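Visitor:
2 protein chains.
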Amino acid sequence: MNIYDIAKEAGVSISTVSRVMNDRPNVATEKRERVLAVLKKHDYVPSAIAKSLVVKSTNTVGVVTLDVRHIHYAKIAYTIEQELSTKDYNVILCNTGSDKREQEKYLRVLAEKQVDGVIMVGSIFSSTHTAETVDRFLSHVPVIMHNGNLKRDNIYNISSNDSYGVELSVDYLVRRGYRQLVFVQDQETWVANAKLKAFRTKLEHYGLPFTGESVVKTENGLENGRAVARALADRGVNYDGVVGCEDITALGIMKELRASGKRIPQDVAVIGFNNSIFSELSEPSMTSVDNKTETIGIGLSRALVDVLQGRDVPHEASIFPELIIRESA
Amino acid sequence: MNIYDIAKEAGVSISTVSRVMNDRPNVATEKRERVLAVLKKHDYVPSAIAKSLVVKSTNTVGVVTLDVRHIHYAKIAYTIEQELSTKDYNVILCNTGSDKREQEKYLRVLAEKQVDGVIMVGSIFSSTHTAETVDRFLSHVPVIMHNGNLKRDNIYNISSNDSYGVELSVDYLVRRGYRQLVFVQDQETWVANAKLKAFRTKLEHYGLPFTGESVVKTENGLENGRAVARALADRGVNYDGVVGCEDITALGIMKELRASGKRIPQDVAVIGFNNSIFSELSEPSMTSVDNKTETIGIGLSRALVDVLQGRDVPHEASIFPELIIRESA
DNA sequence: CTGAAAGCGCTTACAG
DNA sequence: CTGAAAGCGCTTACAG
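As they're listed, the protein sequences go chains A and B.
Position in the first sequence (first residue = 1) + 288 = my numbering.
Position in the second sequence (first residue = 1) + 288 = my numbering.
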């Protein structure tokens, strides 16, 4: 069943059916009603594919992320999907993992599927390789990057200012009397580097020591957090504050600290990142940097829609996080 | 740039270009190479939209879920996406929430976009309304339901046997000497009812009391779990075991119990559902029913692909969960 | 092995 | 207000 069948049954041309289906003017009331009746009778669903071919827009956007199982990305992906849905866009979800081939494959497929735009969530996508892949396959559509820093006419970067989150954390800890701070870096991206730099600068500003012991690298995760705390203990590092890593990693650190008899926050203060459910359920509850998932998700979506509708959009925008004070610091 | 441009530049017909792009036989080696060269030169990306229109298949499937922010759904959605990706299908993600209108809107849009099939994740979708909506818009494509029980030729149900998970839980608790069990029901679907029935039957089997106090209804969530524990205390209910609800709810219950001085599992044993990160990080760590997220996700995906490829697929399949023993019971 | 032609289901000027 | 016709970018018999 297609538009021709509807037209025949309603006794009009396909042009008229098209006009009715798209709520356009210039259709006699009587014909419009006849068409609507036939449409309803068959629960007719027009083919968006055929439409897309001629209007050159699919009302579909690709959302690419490392892994939606990560609660932070799930929240952003959710917000994007919901926000875009109100503007009649659908989302093709892509979990690329960190493999470059996978990422390339996905971006190519999105191009084949003629998406109207792409949103890339996570600073891992801010790489030369991604930039080149976008140039190859997606230079004709807007690409909105979350925590990205790629410079292209068609790329728009909307970031959470995580460096500022680090500054807030250090300021707060210093004000509360903590002096020997450790930065736990649980990802490896330009954002992580910027955070580390902010940490170092802040320490220098306060005249606090920044040594080889001040930074611990790991990957995010509960077990990795535990391992970090054990490693610090094994190395005999003296510290009274932890900053920089995600809630889930920070939670691992807290658990291990408590298991080894440390009191939080009396002996060691811990501040996480993301203000996720993990910071709420931790014991003691965790002070955390809220990087505004919802604001970010809505911002990414709106930026995309604005570009698509021909409005001017800044190529770089930065959203400031906020420190949510709980018990762990 | 389209297939005509490529054909012209390579000095062949569009038929030949099409054959080359689709790796089909009957192309002279020399022509094939000429075409490939032109394709590569331009990083040519053929339109999947145009292709879909003629082959009547989009290699796109709709995945509809209540809310991907829920970690359990995120895991299933992730697995589906990854599994389907290996079969060259893409996923349109839909978070419908519990609103019927929203659900209807999404299913219609999926039909418009000509998806090859739909996977619905979560027992909330097993309603008369969903069945009717599927009949209206999606009766021509396979619909795979996770934890569903709808009977249609084009609907396939793949469920985690959560009732069996309850039986495992009760068996285990009884074996360990617990006698006054409470069932916490934190969702309202046919699965929840089946779980409750299994709980009751098991208690009767063991000759244990099932009274008005044996069941507490709530919605899933940390705070709701806390509220459940408080309500039980306020009502002066004597109980030594909790069963039936999701990890996150169970975690709330455990936290509140501990805050009120109860020891887990000595005073009260708690068993959760989902074997999620929450059961791992809880203190004490939580015994939980593992309902095999990955198996489910892969099963849903394979069933869909099998139907699409004309293979026979059972209309009902049930995956048995497993009890993961930790410290809380 | 190769290409001309029809067709997928729509929208959109265009002429009336 | 209305409809015939062209066209979006592909695939697929079909004839050669």
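Don't be surprised by glycine CBs; every beta carbon is placed ideally from N, CA and C.
Quantities reported herein were computed from a predicted structural model and do not represent experimental measurements.
Run through the region 298-356 of chain A for me and flag every whole beta strand (DSSP E) of 3 or more residues, listed as ranges in chain order.
Guide: Counting whole runs of 3 or more residues, the region 298-356 of chain A contains the beta strand (DSSP E) stretches 348-353.
Visitor: For residue 373/B, which three-state DSSP category applies?
Guide: Here residue 373/B corresponds to residue number 85 of the second sequence, with the count starting at 1. Note: residue 373/B maps to helix in three-state DSSP.
Visitor: According to DSSP, is residue 521/A part of a helix, a strand, or is it coil?
Guide: In the first sequence, the residue the question calls residue 521/A occupies position 233. In this structure, residue 521/A counts as helix in the three-state DSSP scheme.
Visitor: Among 524/A, 491/A and 477/A, which one has its Cα closest to the Cα of residue 506/A?
Guide: Locating residue 506/A in the first sequence gives position 218, counting from the first residue. When only C-alpha atoms are compared, the closest one is 477/A.
Visitor: Relative to chain B, which residues along the region 311-337 of chain A have a C-beta separation below 7 Å, given in chain order?
Guide: Here the close residues are 331, 333, 334, 335, 336 and 337.
Visitor: Whole angstroms is fine: what's the gap from residue 329/B's alpha carbon to residue 402/A's?
Guide: Residue mapping note: residue 329/B aligns to position 41 of the second sequence, counting from 1. Residue mapping note: residue 402/A aligns to position 114 of the first sequence, counting from 1. Using only the alpha carbons, I get a separation of about 20 Å.
Visitor: I want to see whether chain B comes within less than 8 Å of residue 346/A, judged by CB atoms only; does it?
Guide: For the purposes of this step, residue 346/A is taken as residue 58 along the first sequence, with counting starting at 1. So, interface residue.
Visitor: I need the straight-line Cα distance from residue 405/A to residue 354/B, nearest angstrom please.
Guide: Mapped onto the first sequence, residue 405/A falls at position 117. Mapped onto the second sequence, residue 354/B falls at position 66. Distance between the alpha carbons of residue 405/A and residue 354/B is about 25 Å.
Visitor: The beta strand (DSSP E) that contains residue 433/A, what's its start and end?
Guide: Within the first sequence, residue 433/A is the residue found at index 145, counting from 1. Start and end: 431-434.
Visitor: Compare the C-beta of residue 383/A with all C-beta atoms of chain B and state if any pair is closer than 8 Å.
Guide: Position 95 of the first sequence holds residue 383/A. Yes, its Cβ sits closer than 8 Å to a Cβ of chain B.
Visitor: Under 7 Å Cβ-Cβ, which residues of chain B neighbour residue 369/A?
Guide: For the purposes of this step, residue 369/A is taken as the residue at position 81 of the first sequence. Per Cβ cutoff of 7 Å: 381 and 383.
Visitor: Could you give the DSSP three-state label for residue 499/B: helix, strand or coil?
Guide: Walking along the second sequence from the start, residue 499/B turns up at place 211. Here residue 499/B sits in coil by DSSP.
Visitor: Taking a contact to mean a Cβ-Cβ separation below 8 Å, would you say residue 445/B touches residue 436/B in this structure?
Guide: Locating residue 445/B in the second sequence gives position 157, counting from the first residue. Locating residue 436/B in the second sequence gives position 148, counting from the first residue. Their beta carbons are under 8 Å apart, which means residue 445/B touches residue 436/B by this criterion.
Visitor: Can you give, in chain order, each stretch of the beta strand (DSSP E) that sits fully within the region 395-483 of chain A and has at least 3 residues?
Guide: Entirely contained in the region 395-483 of chain A, the beta strand (DSSP E) runs reaching 3 residues are, in chain order, 405-409, 431-434, 443-448 and 469-473.
Visitor: Taking the alpha-carbon positions, what's the residue 338/A to residue 335/B distance?
Guide: Numbered from 1 along the first sequence, position 50 holds the residue referred to as residue 338/A. Numbered from 1 along the second sequence, position 47 holds the residue referred to as residue 335/B. Taking the straight line from one Cα to the other gives about 12 Å.
Visitor: Given a limit of 8 Å on CB to CB distance, which residues of the region 400-432 of chain A reach chain B?
Guide: The residues in question are 400, 401, 402, 424 and 425.
Visitor: What does the alpha-carbon distance come out to for the pair residue 480/B and residue 410/B?
Guide: The residue given as residue 480/B occupies position 192 in the second sequence. The residue given as residue 410/B occupies position 122 in the second sequence. Roughly 11 Å between the two C-alpha positions.
Visitor: Which same chain residues end up closer than 6 Å to residue 560/B when comparing Cβ atoms and leaving out the 5 residues on each side of it in sequence?
Guide: Counted from its first residue, the second sequence places residue 560/B at position 272. Only 535, 538, 567, 574 and 576 meet the Cβ criterion.
Visitor: Please classify residue 602/B as buried or exposed, where buried requires at least 16 other C-beta atoms within 10 Å of its C-beta.
Guide: On the second sequence, position 314 is the one that residue 602/B refers to. Classification for residue 602/B: exposed.
Visitor: Please identify the residue among 469/B, 492/B, 324/B and 390/B whose C-alpha is closest to the C-alpha of residue 307/B.
Guide: For the purposes of this step, residue 307/B is taken as the residue at position 19 of the second sequence. The shortest Cα separation from residue 307/B among 469/B, 492/B, 324/B and 390/B belongs to 324/B.
Visitor: State yes or no: is the beta carbon of residue 302/B nearer than 8 Å to at least one beta carbon in chain A?
Guide: By 1-based counting over the second sequence, the position of residue 302/B is 14. Not an interface residue.
Visitor: Would you mind giving the Cβ-Cβ distance between residue 461/B and residue 422/B, rounded to the nearest angstrom? I have them listed as a contact below 8 Å.
Guide: Residue numbering aside, residue 461/B sits at position 173 when the second sequence is read from its first letter. Residue numbering aside, residue 422/B sits at position 134 when the second sequence is read from its first letter. About 39 Å; that fails the 8 Å criterion.
Visitor: Say whether chain A places a C-beta atom closer than 8 Å to the C-beta of residue 544/B.
Guide: Taking the second sequence and counting its residues from 1, one reaches residue 544/B at position 256. Output row for residue 544/B: interface = no.
Visitor: Which residues share a DSSP beta bridge with residue 562/B?
Guide: As a working note, residue 562/B is residue 274 in the second sequence. Paired residue(s): none; residue 562/B is not in a bridge.
Visitor: Given this structure, state the Cα-to-Cα distance separating residue 376/A from residue 420/B, to the nearest angstrom.
Guide: Position 88 of the first sequence holds residue 376/A. Position 132 of the second sequence holds residue 420/B. Taking the straight line from one Cα to the other gives about 23 Å.
Visitor: In whole angstroms, give me the CA-to-CA distance for residue 582/A and residue 363/A.
Guide: Residue numbering aside, residue 582/A sits at position 294 when the first sequence is read from its first letter. Residue numbering aside, residue 363/A sits at position 75 when the first sequence is read from its first letter. Their backbone Cα atoms lie some 7 Å apart in a straight line.
Visitor: Kindly provide the ranges of any alpha helix (DSSP H) runs that are 4 or more residues long and lie completely inside the region 529-599 of chain A, ordered along the chain.
Guide: If we require 4 residues or more, the alpha helix (DSSP H) runs fully inside the region 529-599 of chain A come out as 535-547, 565-569 and 581-596.
Visitor: Quick check on the burial criterion: 16 or more other C-beta atoms within 10 angstroms. Buried or exposed for residue 432/B?
Guide: Residue mapping note: residue 432/B aligns to position 144 of the second sequence, counting from 1. With 16 or more Cβ atoms within 10 Å of its Cβ, residue 432/B is classed as buried.
Visitor: Give the straight-line distance between the Cα atoms of residue 600/B and residue 440/B, rounded to the nearest whole angstrom.
Guide: Stepping through the second sequence from its first residue, residue 600/B is reached at position 312. Stepping through the second sequence from its first residue, residue 440/B is reached at position 152. For residue 600/B and residue 440/B, the distance between alpha carbons rounds to 15 Å.
Visitor: Under a Cβ-count criterion, where at least 16 other Cβ atoms within 10 Å of its own Cβ denotes burial, should residue 289/A be classed as buried or exposed?
Guide: For the purposes of this step, residue 289/A is taken as the residue at position 1 of the first sequence. The residue in question, residue 289/A, is exposed, as its Cβ has fewer than 16 Cβ neighbours within 10 Å.
Visitor: Mind checking whether residue 544/A and residue 523/A have CB atoms under 8 Å apart?
Guide: Here the question's residue 544/A lines up with position 256 in the first sequence. Here the question's residue 523/A lines up with position 235 in the first sequence. The answer is no: Cβ separation not under 8 Å.
Visitor: Suppose you measure from the CA of residue 619/B to the CA of residue 589/B; what does that come to, to the nearest Å?
Guide: The displayed coordinates of chain B run from 289 to 617. Any statement about residue 619/B would go beyond what the structure contains.
Visitor: Starting from the Cα of residue 579/B, find the closest Cα among 447/B, 604/B and 470/B and give me that residue.
Guide: Numbered from its first residue, the second sequence carries residue 579/B at position 291. When only C-alpha atoms are compared, the closest one is 447/B.
Visitor: Find the nearest neighbour of residue 386/B within the set 374/B, 366/B and 352/B, judged by alpha-carbon distance.
Guide: Working through the second sequence from its first residue, we reach residue 386/B at position 98. Cα-wise, what sits closest to residue 386/B is 352/B.
Visitor: Please determine whether the Cβ atom of residue 427/A lies at a distance below 7 Å from any heavy atom of the ligand GDP.
Guide: No copy of the ligand GDP appears in this structure; indeed no ligand is present at all.
Visitor: If the criterion is Cβ atoms closer than 8 Å, does the pair residue 552/A and residue 558/A meet it?
Guide: The residue you call residue 552/A lines up with position 264 of the first sequence. The residue you call residue 558/A lines up with position 270 of the first sequence. Against a cut-off of 8 Å, the Cβ pair of residue 558/A and residue 552/A comes out as a contact.
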